[in-house]
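Okay, so here's the structure we're looking at.
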């Protein structure tokens, strides 16, 4: 069970703020669960804010797509997990940190890789 409680706060001085909060979770085990609680605390009266949460598991049709092209199930699973993480990592502004995080994710997915 994973609990995610996130908070965005905007004081009365944060007029004309445009902000969004999105939590995406990928369930990797059949019994995995996620509890997401977004929290926006807005005191300013001229703001544009949104929040959302998405929870999914690995889609069977995505796995089938890989398998139909001769890619084994484990490689397909690792590729889908990496691509899910890459959506976040690709936004890191620092290339050096981005590369380190990508390398760490690859090592977690396949400890035999250097």
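Numbering (the working numbering), first residue to last: 74 to 187. Ideal Cβ placement from N, Cα and C applies to all residues, glycine included. These numbers were taken from a predicted model, which means no experiment stands behind them.
- Runs of the alpha helix (DSSP H) lying entirely within the stretch 122-170 and spanning at least 4 residues, in chain order: 133-141 and 146-162.
- Nearest to residue 182 by alpha-carbon distance, out of 147, 168 and 164, is 147.
- Under the three-state reduction of DSSP, residue 174 is assigned to helix.
- The C-alpha of residue 138 lies about 36 Å from the C-alpha of residue 92.
- Within the DSSP secondary-structure output, residue 100 pairs in a beta bridge with 130.
- Residue state for residue 179 is assigned as helix, using DSSP reduced to three classes.
- Closest in alpha carbon position to residue 155, among 141, 144, 167 and 175, is 175.
- Short of 6 Å from the beta carbon of residue 110, and not among the five residues preceding or following it, lie these beta carbons of its own chain, in chain order: 78.
- A straight line joining the alpha-carbon of residue 130 with that of residue 184 spans about 23 Å.
- Relative to the Cα of residue 96, the nearest Cα in the group 163, 104, 119 and 123 belongs to 123.
- The alpha-carbon separation between residue 177 and residue 118 amounts to approximately 42 Å.
- As the crow flies, the alpha-carbon of residue 163 is around 11 Å from that of residue 157.
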